[in-house]
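Remarks on the structure that follows.
Chains as they are written, first to last, in our numbering: chain A, 1 to 353; chain B, 354 to 706; chain C, 707 to 1059; chain D, 1060 to 1412.
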């Protein structure tokens, strides 16, 4: 291999050879700015099997050895959430940049410590909010931040399919981080979730929720809703974002019309002084305009995650989905979990701090 | 017209020439067992316009005249909900059978009076829960009652599209009666809704909810959920009913696959003594079987409503969706409305009686 | 009924109470400029059943009586094709305007006679090319005639579903008239079909083709193709029209995206002097732009047919789909039939005259 | 790497690092019974780029060196069709087993030589008809061969999307081999294509057909049709196979309903002596039964190709898609090309031998 390339590339170790680790390895290998040095897993046989028989990447079960390797400047951690705090802290303390899977940690206090540690150390701490790096989500963010859809009126996300019941988390912690990280990513600056009500059910008697509904109130008064379900025989991944000008419908199972921009809706005009009655009078008709399906590039999200991670390290800037983004998502998840325990009672986000 | 036919057919008057009335007229006219005598509306011009220039049906603005007509044995009432109590009561008192639009009345106490009045009088009081008469819903009911899908584990219904904001009701009272009447119709005997939590939003400032989410707890422990929304630019009408054996997906916007019966899911075996942990262990894999799309007749639901109304009258049996069914739906709606006022707090069904 | 309206409305008789006649009656009744006087069928019981028990329209089995009625100024003929020549000729000779179902007649010579007779008499002869009056087809025509899609490069139409094998016609004469009338309607002025090659099959042994493929060469060098099939268990109604600027995809079974305007394709630039080789070099990449789904009104095509018929009569102008349009479609059908007999040999359109 | 595994695995060289070669490398690497030794391309830099920086596979531009390597027992050839004859012949003469991309060669005589050479040498010559190894195609074949759909009445395949105009082949040779190899694979034993009529167009003026329609007559009287098009802005990949008992619809762009088995159609009963007229009388109604979507494994076709190649070598049996299958497809392609030159005239398959 050419010395020049590998000399400048950022040495990386991937930690965890389970479900997601192989994807990190594959995409990091395809990123010129990164150089994969190690795949680390307690089970070296599994790690070797992930790499296959043709790889020059090293295998180890010693995290200490990885952190001690001076050629390793960054680690990508794909282990169970309960191990994140210890592994991330150790990496930061060893001076390594960190990419960590969602959720950043299992509890808020730990996550704050990591974020602060990374900031003190001048190291990159990035959360792998993979979905935020899909071209469609980037485009949605641009449209919302650029004012193309107007004010956000509602957000509705459905993420359901036949999923394996997870050994350590409920459906909320398994699937909702995707929707919540997307919500956090696309909302206009300053808009955030203030309270959550969550309802769930465990019809199989597994001891944890297998389906859940989240109602989220935003500080601009809008309502967001997330439906996650492991028991649905069909895969639905649809997010609708209603705006005062346009409404976006993202159907991720429909590649031919993945993003629909609807120029339809109900116009109220600009007269803010209208009474309820006057507004209702105006609503007896609605506008039906064209629908546009924007062309989107077909790039793999995780490839873009890797590029962002490398670039954030190289330029010492915060990653788009940095530790603080992970913190915000974690706060909502914690509030949702508490609401679930309280049978759907509304819980303020951050109130448990 | 042949005397014999019209002599035996049940004389009917349709009350209300607004949005739904014309459909009642058209379908009643196509029902041999019924004979439409009058279309009654305060606005006779509108009623005449509904009938068109080629009709032999009479027009009147006098409800009293209709009730006084001895050839009228039954009335079909399609007026605003707030008028139902008075109109239905008058009809029953005049000895007429009644088909009434949903909701049966605006409040529970009134509905109870009507149901009891009809029962005392030996008259048919039927609610036009139109969707229950769709072939697909009849089939779903048969499959659930017949045990083909096993125990009902969850029920999820989405009914959203760009709808006119209604002058007198919120989205809950406009759309959710459909989902609730279907739920009431298909659930196994003895299974019913015990509590409701409802969240809504009014992003247009019209003074009433334009989108709402209902969480319904059933007495068998299962969770039902209904999502209704007037602001969605796309029309979604999907109901998923998860069972222990099979899961049904009804997508009413997809005529080629309106009902899907999924032989997929997660098997737990029959050992009820399994611990949570043992159940989770079992859940590391799931079953993926075939999907069947049952052939369904293409009959119009409202045609079947008319046939059922006529047959219930002729045979003096309760209609499939009788006044008591209307009462059950009304109780849930009322609880949902109260929960909406209480910001989503859980409200027991029937607790306000 | 108001005298003024019916006095000015054009008195109409509908001839034929079979499959299509009832639709003509219903839509003519909903058209203020028309006044339905008679439904005429050899089988008066059938005609009476079509009208139902509530109609004031007259029933007769005497075509002569209809033609003798001075209040009847126009007839709409929905009888088997083999009867068209005689019925249309008689109506024109009686001074009545005529709307006739497709195909205009069973053979070209007869059709020419009718067209010339109508023109000599100053009467409207209109073909019920219903599909041309769909809002989507009107829009396609506007886009092509207005240059929005550029030069037409190809036209591909699929019209298949489980259809009743017809007693008197093959699948070509049953279904292809729709595609051919649409093609005739939307092509730019001056562009027309010059030759046809048709292949068919009769796998059921019914003595006539149940599925057929038509290849049509246009005088601008473009290729059109039509696939019709009575044996397909799924309904497909898709027409794709490739242009040098944009490509249209009309999927009539998908109301949510009925018309798609694709700003995608292969650009060649304007240099007409490019060699084949140079053109191929340019084609190593292509343009992928947005897709637009234009908003379309939801009006019934046959309603627009009736309005056009009434307006053409009232203003003495040729109908959009006049007898000459019917002639052009008939010529292609005849050439296709001949090609079918010749096992797909190419037949020039009009060569059998 | 473990000696035992690599000692028994079949040493393989992949020839060609262009569009398809990387897929061969990746899938061969994932096949335990194969051991990839070399990636050979005239452009070593390209070959190295395909392998990436982490691979232990060797790169060479010398085909002679590959054939001289005793550890190489088999080659997989993914070079332009014009080079196939020379490369395959050399490999067979060097005693190597061969997997070759479609089409097997550019002309029939050459292909016969290769097939005979392989048979004489006792070597495996397999054509990479990738689509035949899709689970859905395997299932279709089983259903047809097992009699589940009854007699094949028609076959209709559409394979269109925006494709790069190829430098060396027309759309027929680029896309139709897929449909023809599938047709060859699924037809019942003894059923084959006897003649072809092909129509094409080159609306871009590139000197070769960019869209084409093939009509294929089978020796059982049934009709097959293939539509291939590089200019379609939407991707359509649908194959419909009509049978006397059931009809299959394979829509490869719809993962949720990839294969539909329609128990619908037109029944004729078993009385073969029915006259045309009697048959038509029977056809006034049809049967509409359920649709079944069989569960299908989600395995990558090319993985199965590699497994089949390795197993055919190991057991010295002909591969499922052996050289003779490639020959049959080539004969049809040649006949289609000739028909294209003859403006759609019907050409017998094999008549140019």
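Beta carbons: idealized from backbone N, C-alpha and C, even for Gly.
- When rounded, the separation of the alpha-carbon atoms in residue 1285 of chain D and residue 1309 of chain D is 14 Å.
- At least 8 Å separates the CB of residue 544 of chain B from every CB of chain A.
- Here the alpha carbons of residue 1099 of chain D and residue 1121 of chain D stand approximately 7 Å from one another.
- For residue 593 of chain B, the enclosing beta strand (DSSP E) starts and ends at 584–596.
- The Cβ of residue 453 of chain B sits no closer than 8 Å to any Cβ of chain D.
- Under a criterion of Cβ atoms nearer than 8 Å, the residues of chain D adjacent to residue 36 of chain A are, in order, 1113.
- Around the C-beta of residue 417 of chain B, fewer than 16 other C-beta atoms lie within 10 Å, and the residue is accordingly described as exposed.
- Within the stretch 253–265 of chain A, the residues whose Cβ lies closer than 7 Å to some Cβ of chain D are 256, listed in chain order.
- For the stretch 664–698 of chain B, the continuous alpha helix (DSSP H) assignments of 4+ residues that do not extend past its boundaries occur at 676–694, in sequence order.
- Taken in chain order, the whole alpha helix (DSSP H) runs of length 4 or more contained in the stretch 1345–1370 of chain D number zero.
- Taking C-beta atoms as the reference points, residue 1016 of chain C and residue 1024 of chain C fail to come closer than 8 Å.
- Relative to residue 882 of chain C, the option among C:841, C:1027 and C:943 whose CA is nearest is C:943.
- A distance below 8 Å separates the beta carbons of residue 15 of chain A and residue 87 of chain A.
- Contact annotation: residue 451 of chain B and residue 445 of chain B have beta-carbon atoms nearer than 8 Å.
- Taking residue 399 of chain B as the centre and dropping the five residues before and after it, the same chain places the C-beta of 370 closer than 6 Å to its C-beta, in chain order.
- In this structure, DSSP gives residue 171 of chain A a helical state, which the three-state scheme calls helix.
- According to the DSSP assignment, residue 416 of chain B belongs to the alpha helix (DSSP H) that extends over 416–421.
- As the crow flies, the alpha-carbon of residue 300 of chain A is around 37 Å from that of residue 552 of chain B.
- Taking CB atoms only, residue 434 of chain B has no neighbour in chain D less than 8 Å away.
- The beta carbon of residue 1090 of chain D sits no closer than 8 Å to any beta carbon of chain A.
- The secondary-structure analysis by DSSP pairs residue 507 of chain B across a beta bridge with B:576 and B:595.
- Under the DSSP assignment, residue 463 of chain B falls outside any beta strand (DSSP E), being part of the alpha helix (DSSP H) whose first and last residues are 461–474.
- In the DSSP annotation of this structure, the continuous segment of the alpha helix (DSSP H) that includes residue 1202 of chain D starts and ends at 1194–1204.
- Contacts with chain D at 8 Å (Cβ-Cβ) do not include residue 823 of chain C.
- What residue 1116 of chain D touches in chain A, judged by beta-carbon distance under 9 Å, is 54, going in chain order.
- Taking CB atoms only, residue 496 of chain B has no neighbour in chain A less than 8 Å away.
- Every unbroken stretch of the beta strand (DSSP E) spanning 3 or more residues and falling wholly within the stretch 874–922 of chain C is given here in chain order: 899–907.
- When Cβ-Cβ separations below 8 Å define contact, residue 940 of chain C makes contact with chain B.
- The three-state secondary structure of residue 1313 of chain D, taken from DSSP, is coil.
- Looking only at D:1270, D:1260, D:1222 and D:1218, the smallest Cα-Cα distance to residue 1241 of chain D is reached by D:1218.
- For residue 789 of chain C, the secondary structure class from DSSP, reduced to helix, strand or coil, is helix.
- Per DSSP, the continuous alpha helix (DSSP H) segment holding residue 51 of chain A begins and ends at 44–51.
- Any Cβ of chain D closer than 8 Å to the Cβ of residue 643 of chain B would place that residue at the interface, and such an atom is present.
- Residues of chain B whose Cβ lies closer than 8 Å to the Cβ of residue 294 of chain A do not exist; the shortest such Cβ separation is about 15 Å.
- Contact annotation: the stretch 122–140 of chain A touches the stretch 179–197 of chain A, with at least three C-beta pairs closer than 8 Å.
- Between residue 350 of chain A and the set A:56, A:344, A:74 and A:328, the nearest pair of CA atoms involves A:328.
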